[in-house]
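Read in the numbering used here, the first sequence has 600 at position 503, and its numbers run on one by one without any break.
All C-beta atoms, glycine included, are put in the ideal place defined by N, C-alpha and C.
Take a look at the structure set out below.
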Amino acid sequence: MTMTERLTDIAAKAFAEAGYTDVPVAVTFSDRPDLCQFQSNSCFAAAKQYKKAPFMVADDVAAVLGRNEIFEKAEGVKPGFINLTLTDKAIAEMTGELSADEHLGVPQYDNEMIVIDYGGPNVAKPLHVGHLRSAIIGQSLKLIARACGCTAVGDTHLGDWGLQIGLVIAELEERHPEWAVFSPDFREGGEVPELTAEMLTEVYPTASAKSKTDEAFRDKAHTATFDLQNRREGYIALWKEIMRVSGADLKSNYDKLNVDFEYWYGESDADAYIPELMDILEKKGLSYESDGALVVDVAEETDKAPVPPVIVRKSDGSSIYATTDLATIIQRERDFAPSKIWYVIDNRQEMHLTQVFRCARKAGLVPESTELSFLGFGTMNGKDGKPYKTRDGGVMRLSDMIGTVTDAALARIEEQGKVSEADREEYARRIGVAAIKFGDLINHRAKDYIFDMDKFLSAEGKTGVYILYTVSRINSILRKAAEQGITFDEDKFEIFTDSERELMLKLLGSGESWKTAFAERAPSFICENVYQICVSFSHFYHESRIIDEEDAAKKNARLALITLTRRIITAHLDALGIETVEMM
RNA sequence: GCGUCUUUAACUCAGCUGGAUAGAGUAACUGCCUUCUAAGCAGUAAGCCACAGGUUCGAAUCCUGUAAGACGCGCCA
98 MTMTERLTDI
108 AAKAFAEAGY
118 TDVPVAVTFS
128 DRPDLCQFQS
138 NSCFAAAKQY
148 KKAPFMVADD
158 VAAVLGRNEI
168 FEKAEGVKPG
178 FINLTLTDKA
188 IAEMTGELSA
198 DEHLGVPQYD
208 NEMIVIDYGG
218 PNVAKPLHVG
228 HLRSAIIGQS
238 LKLIARACGC
248 TAVGDTHLGD
258 WGLQIGLVIA
268 ELEERHPEWA
278 VFSPDFREGG
288 EVPELTAEML
298 TEVYPTASAK
308 SKTDEAFRDK
318 AHTATFDLQN
328 RREGYIALWK
338 EIMRVSGADL
348 KSNYDKLNVD
358 FEYWYGESDA
368 DAYIPELMDI
378 LEKKGLSYES
388 DGALVVDVAE
398 ETDKAPVPPV
408 IVRKSDGSSI
418 YATTDLATII
428 QRERDFAPSK
438 IWYVIDNRQE
448 MHLTQVFRCA
458 RKAGLVPEST
468 ELSFLGFGTM
478 NGKDGKPYKT
488 RDGGVMRLSD
498 MIGTVTDAAL
508 ARIEEQGKVS
518 EADREEYARR
528 IGVAAIKFGD
538 LINHRAKDYI
548 FDMDKFLSAE
558 GKTGVYILYT
568 VSRINSILRK
578 AAEQGITFDE
588 DKFEIFTDSE
598 RELMLKLLGS
608 GESWKTAFAE
618 RAPSFICENV
628 YQICVSFSHF
638 YHESRIIDEE
648 DAAKKNARLA
658 LITLTRRIIT
668 AHLDALGIET
678 VEMM
């Protein structure tokens, strides 16, 4: 139970005891910290229900609450608020409970099996900044779900079975018709050319551009796609080579970003389920032919705008992304029987996923109770408000971006000269990744945002670097305390100053952020909360002495507090996929 | 054309199940390093919450309309 849920519980009982039953009660952190720590606005609703003046209700309820010894102050005020302030003793006790809680105050939602579809890189082209959001938001949502007690697995759902591969094959065939893989007689075990990541980087854009103007080439690409999907052996062999090369490239980039996947399935892995899918759609009478393609109607009466039918087989006979997405649902249901499937995909695909979900429901591919959620994310724009481009107008490769930010961090580390030679590179990578991830995740998932490289590099203010810096300061104190042989009781909390109280309340309030982050599937709430904790810590840090504090009780209380603070900050960072550094 | 989303300080954004003085970061300006890391802290200044109506005791928040912008609307993913 979170802090405010606990207080809400107490308040709800007080409302009932004061004679106001069946009133929706809520206690929240105060909007007026100068007046109180917590507030309830529920008297307005109760007043309406019981036809009394709000402030009279507030007085009645406050009188009951006032008898509870955890409150320093419980008062009804002006129009009808109840203002609550806890005693320091109660806050310190709750902090002790928090410290002893194995989940550190993170609410637990058990019995959830969540499959998260994120990353979604296209194997035909290298990772660029456009792939960043899906990867880091998806990774974070997975980690948040796990922190909340869920079982969550990530599946990157590689784009490896569509036209993009056909384009690459067609382009390679035009350039190297002599390759054995292009012979219709090619059989497994034949000679396969060795490709490189650099080649793929160049081939796909060329082919893609060509297909827009060259109709004959476009037809070739479509044919290649169809043949690949029908397992023409030479194409399969070449496709495997493309997969090998780009898979290694993907993995190394995701590794650098601390993004991982339990499953590296792709659209191609859904291929085996397509016949079954088609069978279900046909038997249920859902699919029919339209303009040569096979489609399923998914429009609903309540639609404000027309929702077109889903195409499950193109007129040339090949499958399309809706086909593989639907077949993948069958696969996931079979492998995991998930209670939820989350799709962390660009906002622009909302219509497509709506169609897919409706079709899946009509076909009964998953039980009614299974949640299918489209968790769209916004576009990363440049300072001009248009989709982010490099100075010369190209797309920035992810590896280049990571490199730039890491180099800047390394330069700063060297300037500071605190970190040992051996750790510098690794710390620079962690700081760079923290800068990128926090800078992205602090923005609400679903909204477009302005990506400002300079802002990330400067790393001042509300940034991942600030968070890591705060942790290194705590590390420094605890390291020195250990060096001096200072021991303390980690579970003994006590309040002596305002800033200690403020920090404890921030730590205690974290449960609320986790709850919101999980409910809205939005990591930004975790970012905001960890930043707030760091600000409170910094405030406390600047006005308190810790290891050279002479009063033993104060010293112990402060060492315990910063130890807990570090644990909680780290838990937040863990859920964001950000690693800390010992010093910087 | 239809639909969805956005519009809050100079810039980038929180806040939106209606409630007490609308909050951060950046940039600007002031202070603070012989004391646990100044990648920091403290402070000042900065807002007709796009516009117009409506509902309400009370609206940045809910409803309607207008404007500007982004995105989507069958064989790419």
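Residues in the same chain with beta-carbon distance under 7 Å from residue i, minus the five sequence neighbours each way, listed in chain order, please.
| i | result |
| --- | --- |
| VAL562 | ILE528, ALA531, ALA532, ALA556 |
| VAL174 | ALA155, ASN180 |
| PRO204 | THR99, CYS245, GLY608, TRP611, LYS612 |
| PHE553 | VAL502, ALA532, ILE533, GLY536 |
| ALA267 | ALA304, PHE314, LYS317, ALA318, ALA321 |
| MET680 | LYS515, VAL516, SER569, ASN572, SER573 |
| MET191 | LEU605 |
| ALA197 | ASP588 |
| GLY389 | SER412 |
| VAL441 | ILE213, ASP214, TYR215, SER231, ILE234, GLY235, LEU238, LEU472, PHE474 |
| ASN138 | PHE178 |
| ARG410 | ALA390, LEU391, SER416, THR420 |
Between which two residues does the beta strand (DSSP E) containing residue i stretch?
| i | result |
| --- | --- |
| ASP252 | 248–252 |
| ALA390 | 390–393 |
What residues are listed by DSSP as bridge partners for residue i?
| i | result |
| --- | --- |
| VAL174 | PHE178 |
| TRP439 | ILE213, SER470 |
| GLN484 | First, the residue type needs correcting, since residue 484 is Pro and not Gln in the sequence shown. Answer by DSSP bridge pairing, in chain order: ASN478. |
| ILE408 | VAL392 |
| PHE126 | PHE135 |
| HIS225 | ARG494 |
| ASP546 | It is Tyr, not Asp, that sits at residue 546 in the sequence shown. In DSSP, TYR546 forms a bridge with MET477. |
| PHE593 | DSSP output for PHE593 lists no bridge partner at all. |
| PHE168 | LEU183 |
Between which two residues does the alpha helix (DSSP H) holding residue i run?
| i | result |
| --- | --- |
| TRP361 | Where TRP361 is concerned, there is no enclosing alpha helix (DSSP H), given that its DSSP letter is neither H nor E. |
| LEU195 | 185–197 |
| LEU423 | 418–433 |
| VAL154 | 151–162 |
| GLN136 | Where GLN136 is concerned, there is no enclosing alpha helix (DSSP H), although the beta strand (DSSP E) it sits in stretches over 135–137. |
| GLU465 | No alpha helix (DSSP H) contains GLU465, which DSSP labels as neither H nor E. |
| GLU386 | First-last for GLU386: 384–387, but that is the beta strand (DSSP E), not the alpha helix (DSSP H). |
| GLY500 | 495–513 |
| ALA321 | 312–326 |
| ASP520 | 518–538 |
| ILE614 | With the sequence shown as reference, residue 614 is identified as Ala, and Ile is not the correct amino acid for it. That run of the alpha helix (DSSP H) goes 607–617. |
| SER573 | 561–580 |
| MET375 | 371–380 |
| GLY263 | 260–272 |
Check residue i in the structure and name its three-state DSSP category.
| i | result |
| --- | --- |
| MET477 | strand |
| TRP553 | Residue 553 is actually Phe in this sequence, not Trp. Here PHE553 sits in helix by DSSP. |
| LEU255 | strand |
| ILE57 | Any question about residue 57 goes unanswered here, given that the chain covers just 98 to 681. |
| ASN219 | strand |
| ILE644 | coil |
| TYR117 | coil |
| ASP346 | helix |
| GLN446 | helix |
| PHE637 | helix |
| GLU102 | helix |
| ASN355 | coil |
| LYS401 | coil |
| MET296 | helix |
| MET340 | helix |
| ASP586 | coil |
| CYS456 | helix |
| ILE235 | Going by the sequence as given, residue 235 is Gly instead of Ile. The answer is helix: DSSP assigns GLY235 an H, G or I state. |
| VAL203 | coil |
| ALA283 | For the record, residue 283 in the displayed sequence is Phe; it is not Ala. In this structure, PHE283 counts as coil in the three-state DSSP scheme. |
So, at 8 Å on beta carbons, what are the nonlocal neighbours of residue i in its own chain, with the 5 sequence-adjacent residues on each side left out?
| i | result |
| --- | --- |
| GLU150 | In the sequence under discussion, the amino acid at residue 150 is Ala, which differs from the Glu named in the question. These residues qualify, in order along the chain: ALA144, GLY177. |
| CYS247 | TYR206, ASP207, GLU209, MET210, ILE211 |
Taking 6 Å as the limit between beta carbons, can you name the residues of its chain near residue i, skipping five residues before and five after?
| i | result |
| --- | --- |
| THR182 | CYS133, GLN134, GLU169, LYS170 |
| ILE592 | ASP185, ALA189, ARG598 |
| LEU255 | VAL220, GLY363 |
- Looking at C-beta atoms only, is the number of pairs between the stretch 203–220 and the stretch 632–649 that lie closer than 8 Å three or more? Touching, no, given that fewer than three Cβ pairs across the two stretches are closer than 8 Å.
- Message: For the structure I just gave you, are there three or more beta carbon pairs, one from the stretch 505–521 and one from the stretch 362–377, closer than 8 Å?
- Response: no
- Contact the stretch 238–257 vs the stretch 278–287: 3+ CB pairs below 8 Å: no
- Query: Counting Cβ pairs, one atom from each stretch, are 3 or more of them under 8 Å apart for the stretch 258–275 and the stretch 297–312?
  - Reply: Using a Cβ-Cβ distance cut-off of 8 Å, the stretch 258–275 and the stretch 297–312 are in contact, since at least three pairs of beta carbons, one from each stretch, lie closer than that value.
- the stretch 122–130 contacting the stretch 102–113, beta-carbon criterion three pairs below 8 Å: yes
- For the stretch 326–343 and the stretch 389–398, state whether three or more C-beta atom pairs, one from each stretch, are separated by less than 8 Å. Verdict: no, contact absent.
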